[in-house]
Structures are given as structure tokens and as C-alpha cells.
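Take a look at the structure below.
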Amino acid sequence: MGSASEAIPELDVLIVGAGFGAFSTLHKLRQQGLNVKVYEKGSASGGIWYWNQYPGARVDSDTPIYQLFEPELYKDFTFRERYAGWRELKRYFNHVEKKWDIVKDVEYNKNVESATWDESRHQWLVECADGSETYCRWFIPAIGFAAKRYTPPIKGMGEFKGDIYHTAVWPQWGVNLKKKRIAVIGTGASGIQTIQEIGKDASHLTIYQRTPNYCLPMNQKILDEAEEQKKKEAGEYDKAFKKCYTTFAGFTYDFSEKNTFDDTPEEREAFFHKLLIEEGGFHYWLNTYKDMLYDEKANDEAYNYWRNSVLKRVPDPKKAELLAPKNKPHPWGTKRPSLEQNFYEVVSLPHVDIVDLQTSPIEEINETGIKTKDGQVDVDIIILATGFDAVTGSLAQLNIRDTDGKTIKERWADGTRTSMGIAITKFPNLFFLYGPQAPTAFSNGPTCVQVQAEWIDKVVKRLNQDGITRFDAKEEAMQDWQRRMNEKWYNSLFPKAKSWYQGANIPGKKVEPLNWAGGMPAYIETLNKSVENNYQDWNTN
Ligand code: N01
13 MGSASEAIPE
23 LDVLIVGAGF
33 GAFSTLHKLR
43 QQGLNVKVYE
53 KGSASGGIWY
63 WNQYPGARVD
73 SDTPIYQLFE
83 PELYKDFTFR
93 ERYAGWRELK
103 RYFNHVEKKW
113 DIVKDVEYNK
123 NVESATWDES
133 RHQWLVECAD
143 GSETYCRWFI
153 PAIGFAAKRY
163 TPPIKGMGEF
173 KGDIYHTAVW
183 PQWGVNLKKK
193 RIAVIGTGAS
203 GIQTIQEIGK
213 DASHLTIYQR
223 TPNYCLPMNQ
233 KILDEAEEQK
243 KKEAGEYDKA
253 FKKCYTTFAG
263 FTYDFSEKNT
273 FDDTPEEREA
283 FFHKLLIEEG
293 GFHYWLNTYK
303 DMLYDEKAND
313 EAYNYWRNSV
323 LKRVPDPKKA
333 ELLAPKNKPH
343 PWGTKRPSLE
353 QNFYEVVSLP
363 HVDIVDLQTS
373 PIEEINETGI
383 KTKDGQVDVD
393 IIILATGFDA
403 VTGSLAQLNI
413 RDTDGKTIKE
423 RWADGTRTSM
433 GIAITKFPNL
443 FFLYGPQAPT
453 AFSNGPTCVQ
463 VQAEWIDKVV
473 KRLNQDGITR
483 FDAKEEAMQD
493 WQRRMNEKWY
503 NSLFPKAKSW
513 YQGANIPGKK
523 VEPLNWAGGM
533 PAYIETLNKS
543 VENNYQDWNT
553 N
């Protein structure tokens with residue numbers, strides 16, 4: 013007869029969340045012969061792309077780099093668009109599932125709620141919402157930076173008689189928005205994409221904007237399958253993937269060698285034109301002069317050029333001034349610019365209004381619509397595109413307790429602390445992906461998670477070979493990483509924006525750097541160095 017604890021299943025590795033990070037880690041660790049499972053809260057794979065199926069949801073990284081960098085995966089899958097939409101990303105996840113026989117190791121509708129470290133076994137005991145328990149040696153939350161949505165506490169929300177939807181939990185069956193009077197609150201990436209997708213067919217659309225989004229033209233393109241195939245055969249995909257590990261943000265391009273005022277005004281104008289109009293995408297952000305995010309005067313040049321490009325597209329001067337104000341609300345590029353296709357044309361339609369929440373804040377939502385200082389707008393549907401308790405919220409919402417019994421949320425109450433954005437002292441054998449203090453929101457997602465999965469794979473292999481069953485980041489390693497995080501962040505213009513990059517979007521949340529602003533190559537180097545010299549940054553047993 014077995015005891016109750018013997019009945020609890022035991023794994024080598026338990027991964028939480030079935031997105032890019034999980035798939036990459038699962039695939040590698042399984043090849044080591046480890047017993048690995050993924051627990052996914054949703055009923056299908058895709059991570060962020062499973063939950064955020066709002067109209068127009070689309071990735072802002074271009075083909076080929078928004079996929080796992082594996083020839084066996086890309087050889088028979090080609091994206092149809094340069095920037096893939098959520099439907100195509102779902103198709104991609106299905107492709108990977110089949111190719112790697114993923115499904116046998118994923119349990120869907122399995123919501124991990126809490127975990128405690130068992131010191132006697134050197135294992136985590138993980139509990140799910142369905143009451144089930146699992147022991148695992150290695151515990152890997154791969155839930156990313158946007159697993160906890162944010163709904164502002166607007167007075168009267170429960171009174172509204174129409175429908176309210178949050179973009180981050182969009183109904184899987186879709187919503188009929190045609191010929192409806194719609195309000196969209198929020199103009200981050202989710203808001204911009206929703207607005208440009210639904211605006212034309214709405215009978216009336218009211219946009220509630222608190223801060224203008226410095227949107228960049230996406231320059232979307234339909235891809236030719238035969239042409240992409242040729243590129244794959246010529247090694248261009250592999251070349252692009254390799255390049256991603258060498259650039260600041262894990263893209264195929266990087267900041268220029270030049271500073272803004274190294275160029276004459278004419279040269280600068282030509283350079284800006286090339287990045288903004290010809291290249292499109294994030295080129296105007298991540299491929300620009302290297303002082304752009306550090307020097308206010310340089311930053312003004314980028315803002316003004318961008319502003320003029322918007323003014324040309326928005327004929328109504330009132331709308332234009334709201335979307336691209338003369339006085340820049342925050343330095344260029346210090347909040348995430350969204351990529352748009354026809355946002356400025358949609359906003360210019362006569363049945364689309366913008367309410368400026370800076371001058372006319374929302375007073376309440378009532379039975380028929382939204383009341384601001386300037387008056388009432390009656391609507392059928394309210395869309396909350398109000399974002400996330402980003403970066404830290406995902407992990408901190410799980411009830412994972414350290415060796416002293418404290419949760420992550422309690423540990424981070426006075427400030428987020430991690431070792432290299434992948435581990436936390438006193439949470440032994442726990443690695444997290446695409447979370448706080450890693451390149452995360454400053455990087456192409458697949459680049460970042462593959463770097464982390466690769467490192468986890470190497471470390472777990474080596475620990476198993478060395479007979480080490482308990483691996484805990486040293487306190488000094490966390491302190492050192494914190495010092496380096498601050499050094500990079502406070503040297504830049506990023507602290508000047510009220511952004512979710514530093515937790516400033518959530519009332520009461522500590523404002524602090526949440527993403528590693530030192531670039532991908534330095535991050536990779538740090539990870540690699542941390543296990544050299546007899547695991548110098550770790551306590552091992
Ligand atoms: O969220 P956001 P998001 N009253 O936080 C406003 C990734 N993502 O879901 O700017 C009124 O950016 C808030 O105003 P302000 C991507 O990394 C990627 O759009 O704080 N308004 C802001 O306008 C992205 O950057 C993709 O002043 C309120 C908006 O709501 C990240 O997720 C697609 C408010 C929130 O914008 C987050 O994007 C989607 C209030 N009380 C998401 N509170 C792609 O790759 C907040 N707001 C395409």
C-alpha cells in the first residue's frame with residue numbers, strides 16, 4: 013500500500029504555460045531523456061496568442077524571426093504575411109505541436125495556482141485549481157509578461173447594460189461589432205490594432221485616449237511562398253536567426269553606429285525617411301541613431317519628424333494635435349510604439365471621435381455608456397484595451413512560496429529582485445521565462461525565450477551530471493544584477509515615461525526598471541558566465 017504522497021505524480025520538469033518559451037524548453041529537456049510536462053490554463057496552445065484574439069491582433073516582429081529558430085520547423089511552414097496575425101500564429105502553434113509531438117506532454121485546462129518547496133525531497137509540490145498535485149524537481153513558469161490583465165476600477169462598470177470586453181480575454185467565438193456604437197478605452201498596441209480593424213464597420217466609434225501612442229507604419233506585406241522557400245534554401249532564415257543573438261533587441265537590425273547630430277539635417281531627414289517610411293516596422297525605433305534613447309535633443313529630432321508624418325495623414329487639426337501633440341508627452345520611444353496599418357486614416361473617419369482623457373477624464377460608466385467631464389456618450393459595446401499588470405504581475409499572481417514561506421508577491425513588495433531575470437534566491441530549482449529583469453519587453457519574444465531555454469537546458473544537463481539536486485541563486489548575484497539593471501535604466505530616457513515598462517501603469521505599483529535595458533548580447537554573456545568557475549553565482553547541494 014502506498015502512502016498518500018506516493019500517489020502524487022512526480023516529474024523531472026514541470027513547465028507552466030504552452031507558448032513559445034514552453035515549447036522550446038520542453039523540446040530541449042525531453043531530448044535529455046527527462047520526464048517533462050506542460051500545464052496550460054487554456055484549452056489550446058499559443059500563450060499570449062490563445063488569450064488575445066481580439067480583432068486585428070497581430071505580432072509586431074516580422075518574418076522570419078517570430079518563430080522558433082529550428083530548420084525542422086520552418087522547412088515546411090511559411091507565414092503568409094510579413095507580420096503574422098493571431099489566426100496564423102495559431103496555425104503555427106498547431107504545426108509545432110504536430111512536428112514535435114507536443115500534445116502528449118501538455119495538459120490543457122490545467123491551471124497552476126500554487127507551489128511550495130519540499131526541502132526533504134529537493135522538489136516542488138505544485139497545486140492546480142482542480143485540486144491535483146504534482147512533484148517536480150525543476151519548476152519552470154513560462155507564462156510571459158502579460159498573463160495578468162489590468163481592468164481599471166472605473167465607477168459604475170457593473171451598471172452598463174451593453175457588453176464589455178477586455179482585449180486580453182477576447183471571446184474565442186468572436187464578437188459581432190459591425191454597425192455597433194463602440195467605445196475603446198486605451199490606445200496601447202491592443203487598442204490601436206482593435207481600432208484600425210473595427211473602426212470602418214462600426215456605426216460609431218469613440219476612442220478614449222489618455223496618452224497618444226507614437227505609432228509606426230507596419231509596412232505589411234503578403235509573402236510569396238516560393239520566394240520564402242528560396243530564402244530558406246539560400247540560408248537566409250538561418251542567417252537572420254543567428255543575427256538576432258547579436259543585436260540589442262534580438263531583431264535582425266540594431267542601432268546605428270552614428271549619433272543624431274553626426275549627420276547634417278538633410279542626411280538626418282533622409283535617414284529618418286528610410287527608417288520610417290521605406291523600412292517600416294520597428295526600424296524607426298531600434299535601427300535609429302544610437303543616442304536616441306539617451307539624449308533629449310536627439311530625441312526631439314525623432315519625435316518631430318514622426319509628428320510631421322502623422323500630421324500629413326490626419327486632416328482634422330484637432331484630432332492631429334491629440335494624436336501627435338506639439339509638446340511631446342514623453343520622450344520618443346520610451347513607451348512602446350505600436351505598428352499600425354491604417355490607424356490614422358481610420359481615426360480620421362467622420363464617425364470616429366477621440367476623447368482626450370487628460371482634459372476630460374472618465375467620471376463613470378453607467379447603464380447606457382460612458383460619462384466624462386465633457387458629457388455622455390451612449391454605446392452598445394465597451395472594449396477595454398487597458399493592458400496588463402505587466403512583467404511582474406504574471407509571476408506574482410501565482411502563490412509560489414520561497415524556502416521561508418514567502419510568496420513572490422511578498423518578496424517583491426519593496427522591489428523586484430531576480431538573478432539575471434531567470435531565477436530568484438530562495439526559490440531553488442525554479443527558472444522563469446520572459447519575465448522581469450530579462451530582455452523580455454525589449455526583445456523579440458522568440459529570441460529571448462530561446463536564449464533562456466538554451467541556458468536552462470545546458471544547466472540542467474550539467475547539474476544532473478554533477479549530481480546536484482538543489483540549485484539556488486546567491487543573494488549577491490541578485491544584488492549585482494540589480495545594480496546592473498539600474499545602471500542601464502537610469503542612464504537612459506526610459507524613466508521619463510509613465511510606462512508599463514517600469515510598472516507606472518498600475519496605481520500603487522512600485523515604479524522601477526522591470527526589463528533588462530542592456531541588450532541581448534550582454535544578457536547572453538551574463539547567463540553563460542554565471543555557471544562558470546564552479547557555479548560561482550549559485551548555492552548548490
Ligand atoms: O496595453 P498597454 P496593451 N483610463 O498598457 C490605457 C504586448 N502586445 O494591451 O498610456 C484610461 O500598452 C493606457 O493609457 P496610458 C506589447 O508588448 C503586443 O495595448 O497608460 N486609459 C494605454 O493607452 C504591448 O506593448 C501586441 O496613459 C487607461 C492602454 O490603456 C503590451 O502587450 C499586441 C487606463 C493600455 O495599453 C501591452 O499592450 C498587444 C485608465 N484607467 C499587446 N488604464 C503586438 O505585438 C490604462 N489605460 C501587436
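All letters in the sequence shown, in the order written, are residues 13 to 553 by the working numbering. The beta-carbon is built from N, C-alpha and C at its ideal position, and this holds for glycine as well. Because the structure is a prediction, the values reported are computed rather than measured.
Is residue i near ligand 1, with its Cβ less than 7 Å from a heavy atom?
i	result
V71	yes
T398	yes
I194	no
S202	yes
W501	no
K510	yes
Y104	no
Y446	no
R348	yes
N64	yes
G156	no
A453	yes
N517	yes
L539	no
Q43	no
G198	yes
T371	no
P164	yes
I176	no
P220	Before going on, a small fix: residue 220 reads as Tyr here, not Pro. Flag set: Cβ of Y220 near ligand 1.
Suppose the cutoff is 6 Å on Cβ atoms and the five residues either side in sequence are ignored; what does the same chain contact list for residue i look like?
i	result
I536	V463
E22	Y147
Y296	L228, L287, L288
S15	Since pLDDT at S15 reaches only 49, below the 50 mark, its modelled position is unreliable, and the value read off the structure follows with that caveat. Excluding positions up to five away in sequence, the list is empty.
Identify which residue in the options has its Cα closest to the Cα of residue i.
i	options	result
I234	I420, W63, Y95, G457	Y95
E131	Y296, D484, K508, S372	D484
Y249	T552, E82, K53	E82
K192	I176, V543, G143, E376	I176
G200	E466, F400, S504, E544	F400
Q477	L46, H39, E22	L46
P277	E313, A402, I27	E313
A402	W493, V523, F283, Q241	V523
D236	V389, W528, A30, E93	E93
W574	Q514, Q208, T437, P343	The structure shown does not extend to residue 574, since the chain is modelled only from 13 to 553, so the question has no answer here.
V28	A127, I197, D113, K251	A127
T404	K385, A397, G427, I382	G427
Y317	V108, E279, E544, Q491	E279
L137	Y502, R495, T415, G457	T415
A261	T371, A450, E84	A450
L526	K470, W493, Y162	W493
M497	A453, N121, G433	G433
For residue i, collect the residues of the same chain with a Cβ closer than 7 Å to its Cβ; drop the 5 residues on either side in sequence, then sort them by chain order.
i	result
P341	T223, P224
A408	I420, K421, W424
Q208	G68, E352, Q353, N354, F355, V358
Q388	G381
Looking only at its chain, what residues have a beta carbon closer than 8 Å to the beta carbon of residue i, apart from the 5 residues adjacent to it on each side?
i	result
N271	Y301, K302, D303, D307, A310
D117	L38, R42, V48, K49, V50
K212	V358, L361
W550	F483, D484, A485, K486, A489, S542, V543
M13	Residue placement at M13 is poorly supported in this model, since its pLDDT is 38, which falls under 50; the coordinates are not used for a value here.
Assess contact between the stretch 171 to 182 and the stretch 52 to 66, defined as three or more Cβ pairs (one per stretch) separated by less than 8 Å. Is contact present? yes
Meets three-Cβ-pair contact criterion under 8 Å: the stretch 143 to 162 and the stretch 361 to 372: Output reads no: the stretch 361 to 372 does not touch the stretch 143 to 162.
Decide yes or no for the touch test of the stretch 164 to 174 against the stretch 536 to 553: beta carbon pairs closer than 8 Å, at least 3 of them. no
Is the stretch 384 to 399 in contact with the stretch 431 to 445, if contact means three or more CB pairs nearer than 8 Å? No, the stretch 384 to 399 does not touch the stretch 431 to 445.
Do the stretch 71 to 79 and the stretch 498 to 509 meet, that is, are 3 or more Cβ pairs less than 8 Å apart? no
Would you check if there are 3 or more beta carbon pairs closer than 8 Å linking the stretch 346 to 359 to the stretch 202 to 210? yes
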